[in-house]
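A.B. asks: The opening residue of the sequence shown carries number 2 in the working numbering; numbering runs sequentially from there. Glycine included, C-beta positions come from ideal geometry on N, C-alpha and C. Computed from a predicted structure; not experimentally measured.
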Amino acid sequence: MSASGSTDIDFIDLRSDTYTKPSLAMRQAMFEAEVGDDMVGEDPTVNRLEAMCCELFGKPAAVFCCSGTQSNQAALWAQCRSGDEILIEQFGHLANYEAGAPAVLSGVSIQLISGDQGMLDVSHLEGRVRPREQHFPQTKVLCLENTTNIGGGRAYPLDQLQRVTDWGRDRGLRCHLDGARIFNACTARGYSPADVATLFDTVSVCFSKGLGCPMGSILVGDEETIAMARRARKIFGGALRQSGIVAAAAIYALDNHIDQLAEDHRNAYRLAERIDQVPGLRIHLADVETNIVFFQVDSTLGSAKEFAGRLREQGVRMYDIGPGRMRAVTHRDVTAEMIDRAADVIEKVARESC
Ligand SMILES: Cc1ncc(COP(=O)(O)O)c(C=O)c1O
């Protein structure tokens, strides 16, 4: 049995930090959670989590949601009306991996913007706000992602976040942060959650990624916007009853799991240094600053899909993300020793693929 109480599976899973399993201590906290009916605001554990997040992010209101998709989409629903448009970097999760939800749920169109490793700066955004004229969708929300996921696993510098959100606000836009991995960004850059949240109208944060919870996200913002998001959560079917059981996991993670993220980042860099030594694989070490590592597979070794398949046969799982591009994600269920074993396998598979 592993520490999470599940049967050990004999592979090293670097597919995503979403594959983390709740630890026994987290399960114990869930078992002991005091609960009530959250839909009418009577779950004491959910209320405690929301209050903790208001404090942590320096915002007056918070709503506990089932998933990052739900909290992102509730934020859009709360801040847009049908026919509006959002601005987002081309690899943004909210636009690419949430099943077209902005269109389905809020009637919102998306303007994808090419940035730098998932991050936007003012130079990318100039000229992107539509004129207030009847032909055009109304540009309403500027969405950023921190850390970036598919874009490159990067954490924004605080001054860049300040510059970009100032740019948006000067043009009358609302600013939303998909902070699914905001604690990874804080760990990488040394700023606090409140330093970041103060720049945004709404921030969505996931507990089910590196923090190791089975589910759950939170959306923080001002009272009025969060009241609307709470309504969206109900419309989307996400208003739950005794959800204190899962909120207890989130509280446990906030109290106990944030410090571990630094270890995940060290493990990511440890893996990246080994990949850097392997002929046929290319990586930019300077870009590895969080728990997400991207590298390129030279075509002489076959396609990234084939490479991922061979790794899998040897007990290491990671995703091929686009032509020649691989992604490995470290997390609390992967130790430094497992990283070394995974690196040995990567080296062997690359050698045998030549
Ligand atoms: C950057 C980012 N935002 C949002 C989400 C959505 O989270 P969920 O899977 O809980 O809906 C993810 C999920 O991986 C993500 O990586």
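According to DSSP, is T140 part of a helix, a strand, or is it coil?
C.D. replies: Correct three-state label for T140: strand.
A.B. asks: Quick one, are the C-beta atoms of Q243 and D117 less than 9 Å apart?
C.D. replies: No.
A.B. asks: Just to check, is the beta-carbon of C207 closer than 8 Å to a non-hydrogen atom of ligand 1?
C.D. replies: C207: yes, Cβ under 8 Å from ligand 1.
A.B. asks: Reducing DSSP to helix, strand and coil, say where F65 ends up.
C.D. replies: Strand at F65.
A.B. asks: Using 8 Å for Cβ pairs, my map puts P215 next to A250. What's the rounded Cβ distance?
C.D. replies: Confirmed, about 6 Å.
A.B. asks: Quick one: complete alpha helix (DSSP H) runs, 4+ long, within the stretch 261-324?
C.D. replies: If we require 4 residues or more, the alpha helix (DSSP H) runs fully inside the stretch 261-324 come out as 261-277 and 305-314.
A.B. asks: Between which two residues does the alpha helix (DSSP H) harbouring V247 extend?
C.D. replies: Start and end: G245 to N257.
A.B. asks: For N268 and T188, which I take to be in contact (beta-carbon distance under 8 Å), what is that distance rounded to the nearest angstrom?
C.D. replies: Incorrect: roughly 13 Å between the Cβ atoms, too far for contact.
A.B. asks: Can you grab the Cα-Cα spacing for the pair M2 / M229, in whole Å?
C.D. replies: Confidence at M2 is low in this model, with a pLDDT of 38, below 50, so the placement of that residue is unreliable and no value is reported for it.
A.B. asks: Whole angstroms is fine: what's the gap from S354's alpha carbon to M327's?
C.D. replies: Looking at the two C-alpha atoms, the distance is approximately 15 Å.
A.B. asks: Around the C-beta of E33, are 16 or more other C-beta atoms found within 10 angstroms, so that it is buried, or is it exposed?
C.D. replies: Exposed.
A.B. asks: Classify R175 as buried or exposed, calling it buried when 16 or more other Cβ atoms lie within 10 Å of its own Cβ.
C.D. replies: Under this definition R175 is a buried residue.
A.B. asks: Between S107 and ligand 1, is the CB less than 8 Å from at least one heavy atom?
C.D. replies: No, the beta carbon of S107 sits no closer than 8 Å to any heavy atom of ligand 1.
A.B. asks: Hey, could you find the ends of the beta strand (DSSP E) T336 is sitting in?
C.D. replies: T336 -> no beta strand (DSSP E), and no H or E assigned at all.
A.B. asks: Tell me whether the stretch 83-96 and the stretch 128-148 touch, counting them as touching only if at least three CB pairs, one residue from each stretch, are closer than 8 Å.
C.D. replies: Enough Cβ pairs lie closer than 8 Å, so yes.
A.B. asks: Excluding five sequence neighbours on each side, which residues of the same chain lie with their C-beta closer than 7 Å to the C-beta of G84?
C.D. replies: Same-chain partners within the cutoff: G108, P138 and Q139.
A.B. asks: Using alpha carbons as the reference points, say which of N73, G316 and L88 lies closest to I219.
C.D. replies: Residue N73 is the option with its Cα nearest to I219.
A.B. asks: Could you pull the start and end residues of the alpha helix (DSSP H) that M27 belongs to?
C.D. replies: Counting along the chain, the alpha helix (DSSP H) containing M27 begins and ends at L25 to F32.
A.B. asks: Once you ignore the five residues that flank V279 on each side, which residues in its own chain have a CB closer than 6 Å to its CB?
C.D. replies: The residues are E348 and A351.
A.B. asks: Are the stretch 257-266 and the stretch 177-192 in contact at 8 Å, needing three or more beta carbon pairs?
C.D. replies: Judged by Cβ distances under 8 Å, the stretch 257-266 makes contact with the stretch 177-192, as three or more pairs qualify.
A.B. asks: Can you check the stretch 53-138 for any alpha helix (DSSP H) of at least 4 residues that lies completely inside it and give the ranges in chain order?
C.D. replies: List check, alpha helix (DSSP H) in window: 69-80, 94-97, 102-107 and 123-126.
A.B. asks: Using alpha carbons as the reference points, say which of S193, G42, Q29 and C207 lies closest to C67.
C.D. replies: Comparing Cα positions, the closest option is C207.
A.B. asks: Pick helix, strand or coil for L162, following the three-state DSSP scheme.
C.D. replies: DSSP places L162 in helix when its eight states are reduced to three.
A.B. asks: Going by Cα to Cα distance, which pick from R313, P23 and P158 is closest to S193?
C.D. replies: Of the candidates R313, P23 and P158, the one whose C-alpha sits nearest the C-alpha of S193 is P158.
A.B. asks: My understanding is that A329 touches L286, with C-beta atoms under 8 Å, so please give their C-beta distance in whole angstroms.
C.D. replies: No, A329 and L286 are not in contact; Cβ-Cβ is about 14 Å, not under 8 Å.
A.B. asks: Quick one: does the C-beta of R175 sit closer than 8 Å to a heavy atom of ligand 1?
C.D. replies: Not so, every heavy atom of ligand 1 lies at least 8 Å from the Cβ.
A.B. asks: Per DSSP, G213 is paired with what?
C.D. replies: G213 pairs with nothing; no bridge assigned.
A.B. asks: Using three-state DSSP, classify S7 as helix, strand or coil.
C.D. replies: Because S7 sits at a pLDDT of 44, beneath the cut-off of 50, its placement in the model cannot be relied upon, and the point is left open.
A.B. asks: By the three-class DSSP mapping on this structure, what secondary structure does T21 have?
C.D. replies: The answer is coil: DSSP assigns T21 none of H, G, I, E or B.
A.B. asks: For K141, which residues in the same chain have their Cβ closer than 7 Å to its Cβ, ignoring the five residues on either side in sequence?
C.D. replies: Here the set comprises Q80, C81, D85, E86, I87, L174 and R175.
A.B. asks: Hey, out of F58, V123 and S110, whose CA is closest to A78's CA?
C.D. replies: The identity of residue 78 in the sequence shown is Trp, whereas the question assumes Ala. It is S110.
A.B. asks: Looking at the secondary structure, which residues open and close the beta strand (DSSP E) in which V36 lies?
C.D. replies: Premise fails: V36 is in no beta strand (DSSP E) and is neither H nor E.
A.B. asks: My guess is that M53 and L255 are in contact by the Cβ rule of under 8 Å, so how many angstroms apart are they, rounded?
C.D. replies: Correct: roughly 6 Å between the Cβ atoms.
A.B. asks: For a test of the three-state rule: what should DSSP assign to S193, helix, strand or coil?
C.D. replies: Here S193 sits in coil by DSSP.
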